[in-house]
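Residue numbers (our numbering): 4 to 233.
For reference, the structure is listed below as structure tokens.
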Amino acid sequence: MIPRRVLLLLLTILLSGLHALPASAADQVGVVRVIRGEVQAQVPGEALRQLQRGDAIFEGDHISTGDSARIAMRFNDNSRMDLGPGTETVIEEFANADSGRAPGFTTRILRGAFRFVSGLIGKRRPRSVRVRVPVATIGIRGTHFAGEVDGTYARVVLLEPEEDDELTAIEVSNQFGSVVIDQPNFGTEIPDDQSPPSPVRRMQLRTVQDMLRSIRSIQRVNPGRMGIRR
4 MIPRRVLLLL LTILLSGLHA LPASAADQVG VVRVIRGEVQ AQVPGEALRQ LQRGDAIFEG
64 DHISTGDSAR IAMRFNDNSR MDLGPGTETV IEEFANADSG RAPGFTTRIL RGAFRFVSGL
124 IGKRRPRSVR VRVPVATIGI RGTHFAGEVD GTYARVVLLE PEEDDELTAI EVSNQFGSVV
184 IDQPNFGTEI PDDQSPPSPV RRMQLRTVQD MLRSIRSIQR VNPGRMGIRR
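The following block contains the structure:
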């Protein structure tokens, strides 16, 4: 029979090991850069987390912002994503070169306004980066764009590249058709889940500004830095 004090020692070691485990068994893929208001995140099967600046973002996270909240995130390949108030996204897949998997980044926007700037994965393997919305998929070619989702309606706008010599383009597609947007401040709309993306057109400045207003407020930068050409 094992002495009682040995059992207690083993139990103490076991509990100490459990406390030493990371908050999530999922892979950390990014970090919170800026946050305003209440933002929650949850990996399926794990505890709900209230995010703060500097907190980790994990693969599989379902992230939601409150009605007056917003968040800016940076991922391990230096790609960035900003979410406005009342926005939800799921980090479906993130794998960079040192992960042991084929590099790729897929995120799904369920509702709300967002801005996305591609990073190293997008530069090296642009076809492996996708942003999904309920009615379409956005494929990138090394780029900077924004969008908004409301039910089965979505709008996507290509923004100015953050570097002058950087190419920027996106393809917006669904089962009914696809369009390529390669001029900043041009965009497309998908009115419902039974329609193709609309023909590409220049978006009104006010439309773009309204879409980016909440995102711009967390960045504290001028319209030019947000990719809006006057």
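The beta-carbon is built from N, C-alpha and C at its ideal position, and this holds for glycine as well.
Among 38, 70 and 94, the one whose alpha carbon lies nearest that of residue 29
94
DSSP on residue 217, reduced to helix/strand/coil?
helix
May I ask you to report which of helix, strand or coil DSSP gives residue 159?
strand
Inspect the CB distances between the segment 202-213 and the segment 62-70 and report whether three or more fall short of 8 Å.
no
Would you mind stating whether residue 113 and residue 137 have Cβ atoms separated by less than 9 Å?
yes
Out of 97, 160, 48 and 91, which has the shortest C-alpha to C-alpha gap to residue 31?
97
Closest to residue 140 by C-alpha separation, out of 86, 195, 203 and 174, would be which residue?
174
Is it buried or exposed for residue 179, if we count other Cβ within 10 angstroms and need 16 for buried?
exposed
From what residue to what residue does the beta strand (DSSP E) around residue 125 run?
Residue 125 -> not in any beta strand (DSSP E); alpha helix (DSSP H) instead, spanning 123-127.
Inter-residue Cα distance where the pair is residue 48 and residue 170:
40 Å
CA-to-CA distance, residue 60 to residue 190, given in whole angstroms:
29 Å
How many whole angstroms separate the CB atoms of residue 205 and residue 188, which I take to be in contact at a CB cut-off of 8 Å?
6 Å
Looking only at its own chain, which residues have a Cβ that is under 6 Å from the Cβ of residue 3, when we skip the five neighbours before and after it?
Lying outside 4 to 233, the shown extent of the chain, residue 3 is not represented and no answer is given.
Return yes when the Cβ of residue 111 is within less than 9 Å of the Cβ of residue 90, no when it is not.
no
When you compare only the Cα positions, how much space is there between residue 148 and residue 203?
14 Å
Just tell me which of 200, 78 and 192 has its CA closest to the CA of residue 123.
78
Within this structure, are the beta carbons of residue 55 and residue 43 separated by less than 9 Å?
no
What is the rounded straight-line gap between the Cα of residue 213 and the Cα of residue 162?
14 Å
C-alpha gap between residue 25 and residue 58, whole angstroms
Because the pLDDT of residue 25 is 45, which lies under 50, any placement of that residue in the model is unreliable, and the number read from its coordinates should be weighed accordingly. So the two alpha carbons sit approximately 12 Å from each other.
Smallest Cα separation from residue 83: which of 177, 152 and 37?
37
Would you tell me roughly how many angstroms separate the C-alpha atoms of residue 150 and residue 41, rounded to the nearest one?
22 Å
Going along the chain, which residues of its own chain have a beta-carbon closer than 8 Å to the beta-carbon of residue 135, five neighbours each way excluded?
95, 109, 110, 111, 112 and 141
CB contact flag (residue 157, residue 193, <9 Å)
yes
Within the same chain, show all residues whose beta-carbon is closer than 7 Å to that of residue 72, passing over the 5 residues directly before and after it, in chain order.
39, 40, 41, 42 and 88
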